[in-house]
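Worksheet for the structure shown next.
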Amino acid sequence: MNSLVLDPKSIPESTSSLARHDWKKLDHSQFEVGLIDGFIEGSDPAKMLDYAMRTQGFALLRHPDFDEEFVAQTRAVAENFFCRSLEHKKQFQLQTAYGIGGYTAVGGEAVGRSFETSAAEESIPVDLVESLALTPNLIQQFQTSDLHRHNPIIQQAEAYKKYMYNALTSLLKLAAQAGDYDEKHLMSGYDLDSDSLGLRFSYYPALAQPPTTGQMRYGAHTDFLGFTLLAPDPLVDGLEVLDITGVWKRINMCLLQEKSTLIINAGDLWPVITEGRWMSAIHRVANPLPQHYGLARLSLVFFTGPRPDTPLEPLRRAKSEPILTAGQFLQKKLGIIGVG
Ligand SMILES: [Fe+2]
Numbered sequence: 002m003n004s005l006v007l008d009p010k011s012i013p014e015s016t017s018s019l020a021r022h023d024w025k026k027l028d029h030s031q032f033e034v035g036l037i038d039g040f041i042e043g044s045d046p047a048k049m050l051d052y053a054m055r056t057q058g059f060a061l062l063r064h065p066d067f068d069e070e071f072v073a074q075t076r077a078v079a080e081n082f083f084c085r086s087l088e089h090k091k092q093f094q095l096q097t098a099y100g101i102g103g104y105t106a107v108g109g110e111a112v113g114r115s116f117e118t119s120a121a122e123e124s125i126p127v128d129l130v131e132s133l134a135l136t137p138n139l140i141q142q143f144q145t146s147d148l149h150r151h152n153p154i155i156q157q158a159e160a161y162k163k164y165m166y167n168a169l170t171s172l173l174k175l176a177a178q179a180g181d182y183d184e185k186h187l188m189s190g191y192d193l194d195s196d197s198l199g200l201r202f203s204y205y206p207a208l209a210q211p212p213t214t215g216q217m218r219y220g221a222h223t224d225f226l227g228f229t230l231l232a233p234d235p236l237v238d239g240l241e242v243l244d245i246t247g248v249w250k251r252i253n254m255c256l257l258q259e260k261s262t263l264i265i266n267a268g269d270l271w272p273v274i275t276e277g278r279w280m281s282a283i284h285r286v287a288n289p290l291p292q293h294y295g296l297a298r299l300s301l302v303f304f305t306g307p308r309p310d311t312p313l314e315p316l317r318r319a320k321s322e323p324i325l326t327a328g329q330f331l332q333k334k335l336g337i338i339g340v341g
């Protein structure tokens, strides 16, 4: 991570005050929605979101009430976690489901395998990333564990989850307006304590040597469920999205530095419940140029989806026989990568 980002003064000695944060409701009409190339001043956010989801499954999101300072503080706490020894981080290592199982060291993940459908899967190298993944239940477990509860990352994660959930509920209102979907029906599957929400702090360490052939910081993939709300690294780039012409486009860092900006990816549930109207975003984290190997990168990722028992009914159709629930859909995806 670039040392400019780390400001120890921004890390509270005790984060207990964060639990009292009552995040102001975000007025969804005040969102500003941008495409990969930027924002169009004065554009209608619902129309922009619909266009972005139909053409890329990807959007940039700004709001006057985003709490930039809180996100920066979360970033600093997460960075301090990853800078600790491997032994310390392994205290958070669990043997639970893929992607939602505590700490994963570099070498433990090859996300591109979820995207390959051929025998070539096995040849995809591991990603150059380590991560801490926390669901609401896992945060609660760690909060009651003597070994973990005093670690600032746990209290910060609980507060960050609440902050992002607040942003999500407003975004879902905008999504309902954008697609002319029933707002109540769309939002009924979501709640703050469901394990279909998941925080993931992704840390891409500085590279000590060139990547192997085909190896990336994070390989090409789509996310599995609903919207992913991502607070990207403000200084170190790398996130790329495949556009409809088949070209990888990199997010312009100037867009992220100008104002507090979230990145939104639509996951694989969206094409199902919108009957193909909205698409999921194919994205990856590319390797740095050799002169930037010394720069680490940190992303704060919030995965979302409806509760596992939510029937995947088309949003625009009258009630019909559901084919799968959200939980069955996820199990199917996990089965493909061999961890279901
Ligand atoms: Fe992703």
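Numbered per this note's numbering, the sequence shown finishes at 341, counting up by one with no gaps. No residue lacks a Cβ here, since even glycine has one placed at the ideal position from N, Cα and C.
Within a Cβ cutoff of 7 Å, which residues of the same chain sit near residue i, ignoring the five residues on either side of it in sequence?
| i | result |
| --- | --- |
| Leu257 | Pro233, Pro235 |
| Leu175 | His29, Phe32, Pro46, Ala47, Leu50 |
| Thr311 | Gly190, Thr326, Ala327 |
| Glu110 | Val127, Asp128, Val130 |
| Asp66 | Lys25, Leu27 |
Say yes only if the C-beta of residue i is nearer than 6 Å to one or more non-hydrogen atoms of ligand 2, and no if none qualify.
| i | result |
| --- | --- |
| Asp224 | As for ligand 2, it is missing from this structure, which binds only ligand 1. |
Give every residue of the same chain whose Cβ lies closer than 8 Å to the Cβ of residue i, excluding the five residues on either side of it in the sequence, and list them in chain order.
| i | result |
| --- | --- |
| Arg55 | Arg278, Trp279, Met280 |
| Cys255 | none |
| Ile245 | Thr56, Gln57 |
| Ala177 | Asp183, Glu184, Leu187, Met188 |
| Leu313 | Leu270, Val273, Ile274, Pro323, Ile324, Leu325, Thr326, Ala327, Phe330 |
| Ile41 | Gly35, Met49 |
Which residue's Cα is closest to the Cα of residue i: the options?
| i | options | result |
| --- | --- | --- |
| Thr75 | Pro153, Leu240, Gln210, Ile264 | Pro153 |
| Val237 | Ala207, Leu226, Lys250 | Ala207 |
| His89 | Lys334, Gln57, Leu148, Glu33 | Leu148 |
| Tyr52 | Ser146, Val34, Asn138 | Val34 |
| Phe303 | Ala177, Gln292, Tyr164 | Tyr164 |
| Thr229 | Ile274, Met254, Asp269, Ala77 | Asp269 |
| Val78 | Ser146, His151, Pro211 | His151 |
| Tyr205 | Ala179, Pro309, Met254, Gly108 | Gly108 |
| Ala179 | Gln329, Ser44, Lys26 | Ser44 |
| Pro137 | Ser146, Thr145, Glu159, Ile125 | Glu159 |
| Glu184 | Ser171, Gln329, Leu193 | Ser171 |
| Glu70 | Tyr161, Gln144, Asn266, Pro289 | Tyr161 |
| Ala267 | Leu240, Gly306, Asn288, His293 | Gly306 |
| Phe143 | Gln94, Arg218, Leu173 | Gln94 |
| Asp194 | Asp224, Ser146, Leu139, Thr213 | Leu139 |
| Pro212 | Leu173, His293, Ile155 | His293 |
| Leu173 | Asp192, Arg85, Asn288, Ala287 | Asp192 |
| Leu169 | Pro289, Ile41, Asn288, His64 | His64 |
| Asn288 | Gln157, Gly103, Arg85, Met217 | Met217 |
Ordered along the chain, which non-local residues of its own chain (more than five positions away) have a Cβ less than 6 Å from that of residue i?
| i | result |
| --- | --- |
| Thr105 | Ser132 |
| Glu276 | Pro315 |
| Arg201 | Ser132, Ala134, Val302 |
Round the Cβ separation of residue i and residue j to the nearest angstrom and send it over; I've been treating them as touching at under 8 Å.
| i | j | result |
| --- | --- | --- |
| Leu61 | Ile264 | 6 Å |
| Asn167 | Trp271 | Actually they are not in contact, since the Cβ atoms of Asn167 and Trp271 sit about 21 Å apart, beyond 8 Å. |
| Glu80 | Leu296 | With 8 Å as the limit, Glu80 and Leu296 do not qualify as a contact, their Cβ atoms being about 13 Å apart. |
| Gly227 | Leu135 | So it is not a contact: roughly 18 Å between Cβ atoms. |
| Val112 | Gly220 | 5 Å |
| Ile125 | Gly215 | 7 Å |
| Ile37 | Lys260 | In fact, because the Cβ distance is near 16 Å, the residues do not count as touching under 8 Å. |
| Pro309 | Ser197 | 6 Å |
| Phe59 | Val242 | 5 Å |
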